[in-house]
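Residue numbers (our numbering), protein chains in the order written: chain X, 98 to 445; chain U, 98 to 445. In this text, a Cβ means the ideal position worked out from N, Cα and C, and glycines have one as well.
Quick look at the structure:
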């Protein structure tokens with residue numbers, strides 16, 4: 098079959114790879130209908146983190162179940178399924194706590210030894226604990242809903258998780274640092290799922306700010322650094338915001354997040370700190386901050402978010418602004434890396 | 098009057114200083130009955146943080162009101178009062194949130210321009226928002242209760258705050274890193290005020306471990322570092338603990354705290370990070386941890402803790418194991434610095 102592979106920094110292409118196939122009784126084989134490129138895929142593409150030449154790529158995909166192992170019970174052949182970016186047994190201690198991204202038998206699609214989402218098919222380990230089937234199957238789904246189903250595999254749930262970690266609830270005032278697909282999804286989650294009242298999105302890209310407004314942002318702040326912090330404080334009577342979503346993960350974004358948090362506030366951190374392993378904790382200490390970290394347990398949120406998407410009340414798929422055939426995956430990476438695309442969809 | 102001053106690293110003594118006096122209508126003048134030495138006083142004593150020669154010392158004291166400004170309403174002359182280690186107006190936005198240690202008009206006793214607690218008398222700014230009077234006045238208080246009243250000025254509330262930040266509640270399993278007066282007070286607060294079920298105290302000093310058991314610790318772990326982490330995991334079916342109180346503030350103690358936290362757990366951080374301004378956040382990220390920081394707002398906890406002490410159900414004063422006249426303040430610092438004393442009381 099054909100799948101995207103990492104050739105070198107700045108070079109991603111489609112190549113012939115071994116066919117995906119069932120290995121364990123708990124596996125499902127999924128024919129990919131749509132995949133996409135994640136902001137975190139760009140770290141290796143840009144050479145910020147190392148990746149082995151020839152590695153498989155992608156962890157976000159939806160598709161049709163083509164075969165199942167003998168132990169699989171909750172999905173069947175022909176089902177239209179959504180895969181979180183990590184598989185999980187959904188029965189271990191961490192899963193029972195709703196932290197499926199720390200499943201003791203879990204793993205990430207595209208990691209060594211597994212199929213990547215950016216390909217024609219994927220072996221899904223622990224299918225029962227991982228996949229969610231869309232009611233009615235592929236024929237029951239309107240094509241317009243496809244992007245939102247795809248967004249559920251990662252960014253929609255990751256953004257929402259950031260807002261959940263930040264303690265956002267009905268009537269909250271929240272600031273979102275990061276106007277990528279995750280930050281925008283945090284705006285949508287805070288506004289629609291959690292009922293935040295005031296949502297300040299830090300964004301200096303007009304198209305992203307525009308989508309942020311559609312998703313529910315009440316204020317767009319284009320300034321950065323100290324100026325951005327000052328502007329947010331200006332908007333909040335000098336107090337800062339009680340809830341901040343950190344959706345970038347760099348030292349600069351962390352500085353902004355901490356600077357704009359109100360005394361006693363909470364920062365929900367979903368931006369993977371690839372380049373920022375160290376954080377100064379003196380300011381969090383004197384500001385009485387709570388920092389809540391986590392790689393989003395997408396599986397926890399899937400049933401609820403799927404129901405919202407199918408009901409037409411949740412449209413996280415609006416983050417996709419580029420739709421390419423899988424063969425042009427390299428163009429997709431380049432477009433996202435150059436910020437010409439917020440998020441790129443791939444069709445095998 | 099006489100008060101303790103900082104002479105040099107390792108040298109603290111009593112000297113003649115200007116008399117404490119009322120300056121503002123909101124001030125009270127308090128004659129000190131008992132003061133004490135705080136673990137955080139030792140940072141300058143040991144030369145870890147700088148302090149100006151001749152600086153006043155101490156932020157923990159209880160005493161009798163000797164005079165009040167014309168605007169003071171809630172305490173009167175002759176009242177026996179407890180002072181939190183910081184003064185506060187108790188009316189600003191932060192105070193209304195129960196974070197009196199970020200009061201916009203607040204300050205710390207012993208800081209430049211203010212009287213230290215380790216002296217004969219103290220000018221207390223914003224007396225109404227700061228002091229709590231002991232019902233019945235000095236004559237109504239049994240001498241045996243004095244140490245516990247003194248402990249309320251800082252460590253008793255700081256330890257409890259650590260457990261509150263760590264999310265401890267009825268039935269919780271909690272680990273406390275640090276067996277100083279704050280760590281021990283965290284054990285007491287978790288057990289008595291919050292109803293924790295299982296309390297693991299990291300302690301390798303026999304006397305401190307003993308007091309920890311009296312305060313409610315169910316397990317004492319003497320091992321440190323990786324061995325300490327392994328032992329805590331052994332005690333918790335390999336999972337680690339949901340709630341950790343970090344009551345030290347050094348890189349080593351932080352490493353232990355993070356290492357023993359259960360996936361999705363919360364660390365309540367009350368150990369001031371004098372020597373540890375940087376924290377690696379990659380592990381908190383993949384472990385889904387929440388880090389909750391804060392200099393304890395003692396004033397928030399005072400009414401409740403005072404009632405418990407007076408009812409005889411709360412005895413945080415057991416941390417005092419050395420009682421010296423103020424003139425021997427230098428011996429007190431030395432004893433605490435050498436870990437010969439958990440906490441030293443001073444009588445002017």
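Practice task
Identify, in the order they occur along the chain, each residue of the same chain with its Cβ nearer than 7 angstroms to the Cβ of residue 235(X), setting aside the five sequence neighbours on each side.
Solution key: Cβ within range, chain order: 161 and 177.
Handout entry: Under 8 angstroms between C-beta atoms of residue 337(X) and residue 358(X)
Key = In contact: residue 337(X) and residue 358(X) (Cβ atoms closer than 8 angstroms).
Handout entry: Within 8 angstroms, strictly: CB atoms of residue 361(U) and residue 196(X)
Key = A contact, by the Cβ cut-off of 8 angstroms.
Practice task
Could you say if the region 148-166 of chain U and the region 296-315 of chain U meet the contact criterion of at least three C-beta pairs nearer than 8 angstroms?
Solution key: No, the region 148-166 of chain U is not in contact with the region 296-315 of chain U.
Exercise for the section: Look at the alpha carbon of residue 222(X) and the alpha carbon of residue 109(X), and state the distance between them as a whole number of angstroms. Expected result: Residue 222(X) and residue 109(X) have their alpha carbons spaced roughly 25 angstroms apart.
Exercise for the section: Can you give me the start and stop residues for the beta strand (DSSP E) that residue 159(U) sits inside? Expected result: Start and end: 158-165.
Problem - Cβ-based burial, residue 437(X) [other Cβ within 10 Å; buried from 16] - result: Looking at its Cβ environment, which holds fewer than 16 other Cβ atoms inside 10 Å, residue 437(X) is exposed.
Problem - Three-state secondary structure assigned by DSSP to residue 98(U) - result: Coil at residue 98(U), not helix or strand.
Handout entry: Against chain U: residues of the region 180-206 of chain X by CB proximity under 7 angstroms
Key = So the close ones are 190, 191, 194, 196 and 199.
Exercise for the section: Please confirm whether any heavy atom of the ligand FMN lies closer than 7 angstroms to the CB of residue 398(X). Expected result: With respect to the ligand FMN, the structure shown offers nothing to examine, as it has no ligands at all.
Practice task
Go ahead and pull the three-state DSSP assignment for residue 132(X).
Solution key: Strand.
Practice task
Say whether chain X places a C-beta atom closer than 8 angstroms to the C-beta of residue 375(U).
Solution key: Closer than 8 angstroms: yes.
Problem - residue 258(X) - containing beta strand (DSSP E), residue span - result: Boundaries around residue 258(X) are those of the alpha helix (DSSP H), 252-262, since no beta strand (DSSP E) includes it.
Practice task
Take every Cβ of the region 398-410 of chain U, pair it with every Cβ of the region 366-385 of chain U, and state whether three or more of those distances are shorter than 8 angstroms.
Solution key: With a cut-off of 8 angstroms on Cβ pairs, the region 398-410 of chain U is not in contact with the region 366-385 of chain U, counting fewer than three such pairs.
Problem - Neighbourhood of residue 414(X) by C-beta, 6 angstroms cutoff - its chain only, sequence neighbours within 5 removed - result: The answer, listed in chain order, is 244, 245 and 248.
Handout entry: Local Cβ density within 10 Å of residue 305(U), reported as buried at 16 or more and exposed below that
Key = With 16 or more other Cβ atoms within 10 Å, it is buried.
Practice task
Just the C-alpha distance for residue 166(X) and residue 284(U), rounded to the nearest angstrom, thanks.
Solution key: Roughly 51 angstroms between the two C-alpha positions.
Exercise for the section: Could you tell me which chain U residues have their CB closer than 9 angstroms to the CB of residue 317(X), listed as they occur along the chain? Expected result: Under the 9 angstroms cutoff, chain U gives no residues; its nearest Cβ is about 26 angstroms from residue 317(X).
Problem - Within 8 angstroms, strictly: CB atoms of residue 387(X) and residue 363(X) - result: Yes, these two residues count as a Cβ contact at 8 angstroms.
Problem - Proximity of residue 274(X) and residue 211(X) at Cβ, strictly below 8 angstroms - result: Not a contact, by the Cβ cut-off of 8 angstroms.
Problem - Local conformation of residue 236(X) per DSSP, three classes - result: If DSSP states are grouped into helix, strand and coil, residue 236(X) belongs with the helices.
Exercise for the section: Starting from the beta carbon of residue 389(X), find every residue of chain U whose beta carbon is closer than 7 angstroms, and list them in chain order. Expected result: Neighbours of residue 389(X) on chain U, chain order: 387.
Practice task
Output the distance between the C-alpha atoms of residue 317(X) and residue 389(X), rounded to the nearest integer angstrom.
Solution key: In this structure, the straight-line span from the alpha carbon of residue 317(X) to that of residue 389(X) is close to 24 angstroms.
Practice task
Kindly say whether residue 361(U), judged by its beta-carbon, lies nearer than 8 angstroms to any beta-carbon of chain X.
Solution key: Yes, residue 361(U) counts as interfacial toward chain X.
Practice task
Please go through the same chain and pick out, in chain order, the residues whose beta-carbon is closer than 8 angstroms to the beta-carbon of residue 142(X), but skip the five residues on each side of it.
Solution key: Excluding residues within five positions, the ones whose Cβ falls inside 8 angstroms are 103, 106, 107, 109, 430 and 434.
Practice task
May I ask you to list the residues that DSSP assigns as paired with residue 341(U)?
Solution key: The bridge partners DSSP lists for residue 341(U) are 272(U) and 364(U).
Practice task
Tell me, to the nearest whole angstrom, how far the beta carbon of residue 250(U) is from that of residue 159(U); I am working on the premise that it is less than 8 angstroms.
Solution key: That pair is a contact at about 7 angstroms.
Exercise for the section: Let me know the secondary structure DSSP gives residue 324(U) once reduced to three states. Expected result: Helix at residue 324(U).
Exercise for the section: Indicate whether residue 421(U) and residue 99(U) have their beta-carbon atoms separated by less than 8 angstroms. Expected result: The Cβ atoms of residue 421(U) and residue 99(U) do not sit closer than 8 angstroms to each other.
Problem - Chain-ordered neighbours of residue 366(U) on chain X, where CB pairs are closer than 8 angstroms - result: Those within 8 angstroms of residue 366(U) in chain X are 378 and 382.
Practice task
Please decide whether residue 229(U) counts as near chain X, where near means a Cβ-Cβ distance under 8 angstroms.
Solution key: By this cut-off, residue 229(U) is not an interface position.
Exercise for the section: Would you mind working out which of 352(U), 310(U) and 193(U) sits nearest residue 323(U), comparing C-alpha positions? Expected result: Selected option, being the one with the closest Cα: 352(U).
Practice task
Could you tell me the boundaries of the beta strand (DSSP E) in which residue 333(X) lies?
Solution key: That residue, residue 333(X), is in no beta strand (DSSP E); it is neither H nor E in DSSP.
Problem - Helix, strand or coil at residue 422(U) [DSSP, three-state] - result: Reduced to three states, the DSSP call for residue 422(U) is strand.
Handout entry: Complete runs of the beta strand (DSSP E) confined to the region 175-223 of chain U [at least 3 residues]
Key = As far as the region 175-223 of chain U is concerned, its whole beta strand (DSSP E) runs of at least 3 residues are 177-180 and 218-221.
Exercise for the section: Identify the contact partners of residue 341(X) in chain U, using a Cβ-Cβ distance below 8 angstroms as the criterion. Expected result: Chain-order list of chain U residues neighbouring residue 341(X): empty, with the shortest C-beta distance near 14 angstroms, by a criterion of under 8 angstroms.
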